[in-house]
Structures are given as structure tokens and as C-alpha cells.
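Okay, so here's the structure we're looking at.
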Amino acid sequence: MQTVIFYLAGATCLGSALAVVMQRNPFQAALSLILNLFSLAVLFFVLQGDFVGVAQVLVYAGAVMVMFLFVIAYLGDRAHLELRRGGVGSGAAAVVGIAIFLEITISAHRSNGALSAPASVTESFGSPERIGALLLTDHLLAFEVISLLLLVGAIAGVVLGAGNLLPRQEARRPAVERGALFDLARARSELEAGEDMREVLK
Amino acid sequence: MSPGIGSWITLSAALFSIGLAGVMLRRNPLVILLSLEIMLNAGNLLLVAMARYLGNNEGHVLALVVMAVAAAEVVVGLGLIVALARRGSSLDVDDLKGLAG
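Sequence order for the protein chains is A and B. Read in my numbering, the first sequence has 78 at position 78, and its numbers run on one by one without any break. Read in my numbering, the second sequence has 242 at position 40, and its numbers run on one by one without any break.
Encoded structure:
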């Protein structure tokens, strides 16, 4: 039973991942990624990672992907871009991707005897209690670092999204270059430095 | 009966390679972010599989940490894309070679 689910969900996972990469339309790419995340959650359930699977559906397929879809909808037609055409880049991408896949697969095949069967675990393996206890005892530092990281992420999102909070190129240029007829700040400083009025007003 | 660890490693490696190819093949920063998510999830899948085969819950904790990092990364990435679009510059990563200044 588990093997059947593994192959079904694994095939869905790979197919939807390929669709994300091949799809021209970014909206459909994002929808394919949602399918990919759901099939990954199914795989997590096969591995008794119940809490991680539920968090995957809630956080990724729920929150993160909705944000993606909003941005894609906001950008509209500008988000459509073709694949990179030919050149060194795509050849290198194919070679590196296949090389990494083969390398990992061969090394996994060689060490296949090491972990041939899953460890025998109790019913509570992967439950929220176990993971919560671990997060708040052994991995408390990681927990705190995550909270700080999410805070920084939220602030960065506001600063980048608000736009006018970013430092502007405009303010640093002199007023005359920005289209003003007369630079009052420069004239005042020159008058105070003792320049002749007629010279300044030229 | 569950498949052996080799099958999980192969699946995870295939997912990671697809994501890597996506990052290098696509010109659209949105799709590059989506491909990055695939790569992170390939890592997560291997973490959870190893946790199951070793009978140890620590892999789940690390997978949750990776999820939080991915969420923060997406916020910053999408914020940058929206800021670029508002500035009126092209959304093609090949055109964004000179990011200084």
C-alpha cells in the first residue's frame, strides 16, 4: 500500500515540478507548484511526518502560494517571459542538473544496504507533541532565530512594498538637474560665503 | 511495506535537479523563485525520509526551520520583484546585470 502511494505521489511530484519549469505562463507554473506541494505532503504522511505534512499544506500551499498568485496577478502581462533561448546557459543547466542527479543516485545505490528498512517507531513519531518538545528544549536557539528571521522578513516586505521608504536617487541630485530654474540652497551658501550678488544670480 | 531509502534519495535528487535546471533555464524571476521552492522541498523530503529511517524526530524540526526560511525568502524575493516592476525596469534577469547603484 505504502509503495503504491509512494509511486503515485512521487510521479505526481516529478510531473508537476517539470510543469513548473516548462510552463510559459507563470500563473500555471504557480498552480503546478501547489500540486507539487500537495503531493509532497502526501509523501510526508507516508513517512509518518504528520505535523510537517500539515504545516506544508498550511504554510506553503496556503500562505506562500497565495502571495505568489497575488504578485503574479499584480504584474499581469509583464510576468510572461519565454524560456532562455539556446546559448551556453541552457546547455550548462542540463549538464549540471543531470550530473548532480546521477551523482546522488549512484552514491545512494552504492549505500543501499545501510538503511534498507525504516526504523521501528512508536505511534507518537512525528506528532506535534514530540516536535514541539524538541523545538522548545534541544532546539530553542533555532526557534528563536526563526522568530527573528520572520520579523526581519516582515519588515523587509513592508519596506520593499511601500516603495517610498526606499532612499531615492532624486534627492541626491542638485535642484537644477531635477528641472528647477534656480538652486536656492546653492545660492544661499554662496551668498553667505561672500560672493557677489550678481555673480550668484547668473 | 515501505520503499527503501534509495528510492527516497532518488526521488529527492530528481526533484532537486529539476529545480536547479529551472533556476538556470528560466529568465523570469518569479519562476526562478518557484524553482527555488522545489529545491528547498527536495531537501525537506530527504530530511523527513531520513528522520523516518533513523527513527529520530530531529529531521522534522530541521524541515520546519527550512520552511520558515523559505517563507522569509519568498517575502523578500517577491518584494524585490514588485519594487522592480514599480520602477518600470524589465523583469528579465538577463537585463538586470548592472545592479550597482
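Yeah, the Cβ is synthetic: ideal placement off N, Cα and C, and Gly gets one too. For clarity, every value in this text was computed on a predicted model and none was experimentally measured.
Just the Cα atoms here: how many angstroms apart are Val231 of chain A and Gln23 of chain A?
Residue 231 of chain A lies beyond the range of chain A shown here (1 to 202); nothing can be said about it.
Determine, using beta carbons only, whether Ala41 of chain A and Gly257 of chain B come nearer to each other than 8 Å.
no
Per-residue contacts from Ser237 of chain B into chain A (C-beta, under 7 Å):
Val20 and Val21
Does Ser291 of chain B have its Cβ less than 8 Å from a Cβ in chain A?
no
So, under 8 Å CB-CB, Thr212 of chain B and Ala17 of chain A are touching, yes? Tell me the CB distance rounded to an integer number of Å.
Not quite, the Cβ-Cβ distance comes to about 14 Å (not below 8 Å), so this is no contact.
Residue from B:Ile207, B:Leu227 and B:Gly208 with nearest C-alpha to Val95 of chain A:
B:Leu227
Which one of B:Ala273, B:Trp210 and B:Leu248 has the shortest CA to CA distance from Gly261 of chain B?
B:Leu248
Where Ile283 of chain B meets chain A, residues with beta-carbon distance less than 7 Å:
Val71
Please list, in chain order, the residues of the region 251-268 of chain B that have any C-beta partner in chain A closer than 9 Å.
Ala251, Met252, Ala253, Arg254, Tyr255, Leu256, Gly257, Asn258, Asn259, Glu260, Gly261, His262, Val263, Leu264, Ala265, Leu266 and Val267
To the nearest angstrom, how far is it from the Cα of Arg130 of chain A to the Cα of Asn246 of chain B?
18 Å
Are the beta-carbon atoms belonging to Ile72 of chain A and Pro128 of chain A less than 8 Å from one another?
no
Below 7 Å on C-beta distance, what does Gly89 of chain A contact in chain B?
Met226
Please state whether the Cβ-Cβ distance between Ala251 of chain B and Gly221 of chain B is less than 8 Å.
no
Below 9 Å between beta carbons is the criterion; list the residues of the region 30-54 of chain A that meet it against any residue of chain B, in chain order.
Ala30, Ser32, Leu33, Asn36, Leu37, Leu40, Leu43, Phe44, Val46, Leu47, Gln48, Gly49, Phe51, Val52 and Gly53
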